[in-house]
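The opening residue of the sequence shown carries number 146 in the numbering used here; numbering runs sequentially from there.
Here a beta-carbon is modelled for each residue, glycine too, at the ideal position from N, C-alpha and C.
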Amino acid sequence: MSINYKELRDIDNAAAFSPFQEPKPAVSAAIDGRVFTVQYHLVNRKCFDNLATPTAKYKIDGKRVSRTVFYANAE
């Protein structure tokens, strides 16, 4: 079984929230023997509407990776 982009995007979408919502817990999925995790958290950076900005943290098998590396695992 291979990992497709849609599976990774579904994990990302399930974890995402807007600044007006309560933060959601991290979302993980085991795909093809690897664990992919996404967690959003609010950062103190302020954007044009003066709200904190939700920012994603991507992990593969417990190791933090960039968004590019996270999605590069898709075929």
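Alpha carbon to alpha carbon, how far is D157 from S173?
Taking the first residue of the sequence shown as position 1, residue 157 is located at position 12. Taking the first residue of the sequence shown as position 1, residue 173 is located at position 28. Near 9 Å, if we compare the C-alpha coordinates of S173 and D157.
Which value, in whole angstroms, describes the spacing of the CA atoms of K208 and L187?
Residue 208 sits at position 63 when you count from the first residue of the sequence shown. Residue 187 sits at position 42 when you count from the first residue of the sequence shown. The straight-line gap from Cα to Cα measures roughly 20 Å.
Classify T223: buried if its beta carbon has 16 or more other beta carbons within 10 angstroms, exposed otherwise.
Absent from the structure is residue 223, since the part of the chain shown begins at 146 and ends at 220.
Segment limits, alpha helix (DSSP H) that includes A160
Start at 1 with the first residue of the sequence shown, and residue 160 comes out as number 15. For A160, the uninterrupted alpha helix (DSSP H) run begins and ends at Y150 to A160, by DSSP.
From the DSSP output, in three-state form, read off A175 for me.
The sequence position of residue 175 within the sequence shown is 30, counting from 1. In the structure shown, A175 sits in a strand (DSSP, three-state: E or B).
Alpha carbon to alpha carbon, how far is K204 from V210?
Within the sequence shown, residue 204 is the residue found at index 59, counting from 1. Within the sequence shown, residue 210 is the residue found at index 65, counting from 1. Approximately 5 Å, taken between the alpha carbons.
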